[in-house]
Structure formats: structure tokens, C-alpha cells
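Here the structure comes first, spelled out in C-alpha cells, and everything after it is commentary.
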Amino acid sequence: MVFSSHIFLFYFLPLTLLVYYLLPFSWRGLHLRNSFLTIASYVFYGWNEPWFVVLMFVSTLLDFAAGKMISMKGASQRLKNSALLMSCIGNLGMLAFFKYYMFAAGGINRIAEILGAGSGLVPVLSITLPAGISFYTFQTLSYTIDVWRGNVEPVKNMSSFSCFVALFPQLIAGPIVRYVDIAAQLEKREHRYETFVSGVTIFILGFAKKILLANSAGNIADAVFEAASPTMATAWWGIIAYHFQIYFDFCGYSDMAVGLGRMFGFEFVKNFNSPYHSINITDFWKRWHISLSTWIRDYLYIPLGGNRRGTSRTYLNLFIAMFLCGVWHGANLTFIVWGLFQAFFLIVERIMGKRSLYSRLPGFASVIITNIIVMFGWVLFRSPDLGSALQYWGAMVGFSSPDSASLILENRLFDLNYIIAVFTCAVFVWQPVQAYLWVKELSPVKYALAGAVFIIAVAAMFTQSFNPFLYFQF
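With my numbering, you'll find the sequence shown wraps up at 474, consecutive numbering, no jumps.
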């Protein structure tokens, strides 16, 4: 089930809210509400593939048990370390099997064939990737690590922990919510009219970003990336469109998640902070997918030594962190190279410091250069393989041989309607409507605007084909 569907908007969400607010508001009632949210989240998650719920429940039990073992009175350090190891192997092993087995099997079989060991050395299985597995495994794993470090008290009951893991607003595509950030809210949270209304408004703004902006830009990007040999102008038009699509798609989902969280009394972390206003790639990673970048920083980069063990080790740690960031995004060489692409610029910026090109340019020029670098990276993100990415890069710098079909596509995509769509995206990127700020002072005029935007977005949704959020694949 996806947020941008009529089943969710007109059946699941209203019914879930109705039952939730009919339950008692006492302390015991809150735990009853948590249990209800867990059940509702299981329905949401298992709507199309019920067995996904079993997998998530196994992950929940694993980390709940690991947390209990670590926090046992008189537990030895060896037992605590064993519990942490159990959590790491269980979570990462599950993620590796479902997300990377096919990729690894294909690579091993190709190498074996080259070496003359025959084909089919490793069996190729038909594996369906469970939606959101990368997100909830990181969430549960961070809980066990934090308990092991002593940064958070272990959860007291299974109902609260199950709710933390399964909570449907952020289950499929984040933000990655850590237990330490939500623990107090699971035990006590306020339900105020103002918070609920602001949540509805943030949800509507995120819904509009997805339906009206991301999907419109996506129509252009899809057409260009499917072209055999786009012209230079068309290639740039396509990657600019994808640049906007991935931002409004993912930012829209995050806004919807935050809005839904507020409807149920939760406050989630902010996941985006105008990333396309960044003045360099280091700044970009402080603004883009904040919950992932901070997770990698706190649970990978800093434990590796961060920048505390000398210059060379700092560069190696950055390399490892961004390599694994690329791997996290998908089992494809394009994602791995994308991660290394990001690492290269992060390391170069750290080497150059105040001598960097950015420091000698006006702020706006730095923003443009940063966006161009990000767009070259997005080519890897969008392309099905490295060969296609290299071909697309070639088209962007003029090394392509467009055929008549490419010229026809260029004329079609520079239609006034598409120009208006991209221009509208650009306006909302450079002059963003910050949902969090916009809802601080709601008024009848803002209610009317939000209602009108919702009606327009719903009408557009019914005219579009099924178009899931891009980050669902991760």
C-alpha cells in the first residue's frame, strides 16, 4: 500500500484514525493504541505481500531479545557482545540475502565462467525484495547498538518496540527513526488539535509534491532515459527533470511521513533541509536524506575513527562510509560507483579546504556547480547499468549521435506544458515552501489553500498510472 493511492487516502487512513482516537487516552490506553498502530502497520505493510510481515516480525523479535540480553542484570561483557553480534548478523544477513544475493550470485557465476569453471556455480533464485527492508533493519540495528553503548534504556515491553519498528508513516522509505528519538513518545505523547491539523497540512503538501511535481518531472525523465541516443539538449533536460523528480518524490514522502506522525502524536526528525541550496557536496550531505547521513556518521564513520586518526585514515573512512552508502541503496554497480563518486568529491573538498574552487566563487555560482555535480551523480542513480550511465554522460557533453527519433523526442519534450512543469519545480526548489514553517501559524486562508491543493492533487492522482515512490526500491 502506498500513501498516494485511493485505498490509503479514503479507506485505510480514515479508518485507522477513527479507531485510534476512539481508544482510551489513559496510560494503559496509550499502550493499547501502540498495539493497534502495530496491527494497522502490519496490514499496511503486508497489503500486497503478507509474508513481508513475517520477516519484519522476525527482525523485531531478534532485536528485542538482543536488547534484553544486553540489559540483563549481571550480564557479562561477553554476553553483551554476543547479543550485539547476533543482532548484526541477523539484520545484516537478512538484508544481504534479500537485497544482494542475486547480485553476488550473478557476479560469481560470471567470474566462474571466465575462469572456465562452468556456468551456474551459484544457484540463481527468484527473490522478491521486501519493501523498506533497508530502512527498518537500520532502525532495529541502531536500537541494539545504542543499548549496547548505554545511550538508551532498553524498551520495557514488546508492544512499544513493535510499534517503533512497524510504525507505518515512516516504514517504507524513512526517515530512519532511531529508538532514542522516539522512546519517550512511545510511553507518553500529546494529542492536540493544533498538532493534528498541522500534520494534515504537512501531509497534503507532501502529497502535492509527489503527485503534482515529482510525477510531472518524472514523465520527462523517463522519456529521455529510455531514448536510445538523446541529443545534448535533451540529455540535460532529462537529468534536470530527474534532479527535480527524485527530490520532490523523496521529500514529498518524508513530509507525508512527518504529517502522518503528527496525526498520531509523534514527532519525527526532519529529513531534508533545502539540499539543492548547498554550496558544496559536503554541505549537500548535511541537507539530503539527513536521517541516513547521520546514521552512517554515528554508526559507521565515527566508530571507524572519523577524523581523529590522521589525514589518510580520515579519507579512508570517508571512502568506506560512502561506498557502503552506495551499497545500501541497491545491488547494482551503478549505486556503488555513485557512492564512490560522492566519496571522491567529499575527499577532494576536505583536501582543498579553504583553497577550494567554491571559496573563490560567489555563493550562487557555488550552488550551481554543486547542483551540476549532483546531477552527474544522479545519472548513475537513474541508469540501469554503467554502460547506459556512460552513454548518458557522453550525451550530456556532446558525444552522441542522435537519430531522427531523438530529434522528434527533443521537439516533443520542449513543449510548453513540460517547460511549465520544470519551471514550477525550479520555483519550489529555489523558493521552497518549508512545510514545517508554513504550518506554524495556520489561518483560514491556509486551510482553504491546503484544501484546494489536496483536491487538485487527488484529481491528478486519478488520471495517473500507478507511480510508487522512488525510494520504495531501497
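No residue lacks a Cβ here, since even glycine has one placed at the ideal position from N, Cα and C.
It should be emphasised that the depicted structure is a prediction, and the values quoted were computed from it without experimental measurement.
**OP:** Return yes when the Cβ of Pro-130 is within less than 9 Å of the Cβ of Ser-406, no when it is not.
**Re:** no
Subject >> Between the CA atoms of Arg-110 and Ser-274 - distance to the nearest angstrom >> reply: 43 Å
**OP:** Take Asp-385 as the anchor and find which of Val-367, Thr-334, Tyr-418 has the nearest alpha-carbon.
**Re:** Thr-334
Original post:
Span of the alpha helix (DSSP H) holding Glu-113?
Top reply: 77 to 114
**OP:** Given a cut-off of 9 Å, decide if Gly-116 and Ile-172 are closer than it, judged by their beta-carbon atoms.
**Re:** no
Subject >> Residue from Ser-160, Ile-420, Val-197 with nearest C-alpha to Lys-188 >> reply: Ser-160
Subject >> Proximal residues to Val-197 (C-beta, below 7 Å), its chain only, five neighbours per side dropped >> reply: Leu-442
Original post:
Exposed or buried, Met-352, counting other C-beta atoms within 10 Å across all chains shown (16 or more means buried)?
Top reply: exposed
Original post:
If you drop the 5 nearest sequence neighbours on each side, which residues of the same chain put their C-beta closer than 6 Å to that of Arg-178?
Top reply: Ser-142
Original post:
Excluding the five sequence neighbours on either side, which residues of its own chain have a C-beta within less than 6 Å of the C-beta of Met-322, listed in chain order?
Top reply: Gly-339, Gln-342, Ala-343
**OP:** Determine the contact status of Met-158 and Ala-395, defining contact as a CB-CB distance below 9 Å.
**Re:** no
Original post:
Which two residues bound the contiguous alpha helix (DSSP H) that contains Ile-281?
Top reply: 281 to 287
Original post:
If we count the other Cβ atoms within 10 Å of its Cβ and call it buried at 16 or more, is Glu-410 buried or exposed?
Top reply: buried
Original post:
Can we say the region 149 to 156 touches the region 23 to 34, given the rule of at least three CB pairs closer than 8 Å?
Top reply: no
**OP:** Give the C-beta separation of Val-374 and Phe-284 to the nearest angstrom, bearing in mind that I take them to be a contact with Cβ-Cβ under 8 Å.
**Re:** 6 Å
Subject >> 9 Å Cβ cutoff met for Asn-271 and Thr-370 >> reply: no
Original post:
Rounded C-beta distance between Tyr-247 and Val-427? I'm assuming under 8 Å.
Top reply: With 8 Å as the limit, Tyr-247 and Val-427 do not qualify as a contact, their Cβ atoms being about 13 Å apart.
Original post:
Shortest alpha-carbon distance to Leu-17 belongs to which of Asn-332, Pro-175, Arg-262?
Top reply: Arg-262
**OP:** In the DSSP assignment, find the unbroken alpha helix (DSSP H) run with Phe-196 in it and report its ends.
**Re:** 193 to 208
**OP:** Pick helix, strand or coil for Val-397, following the three-state DSSP scheme.
**Re:** coil
Original post:
Do Met-1 and Phe-10 have their C-beta atoms closer together than 9 Å?
Top reply: no
Subject >> Own chain residues within Cβ distance below 7 Å of Asn-307, not counting five before or after >> reply: Thr-314
Subject >> Through-space distance from Val-224 to Thr-234, alpha-carbon basis >> reply: 7 Å
Original post:
Between Gly-326 and Lys-446, what straight-line distance do the alpha-carbon atoms span, to the nearest angstrom?
Top reply: 40 Å
Subject >> Top-ranked residue by Cα proximity to Pro-123, from Ala-460, Gly-107, Tyr-276, Phe-250 >> reply: Gly-107
Original post:
From Gly-310, His-277, Asn-317, pick the residue whose C-alpha is nearest to that of Ile-296; which is it?
Top reply: Asn-317
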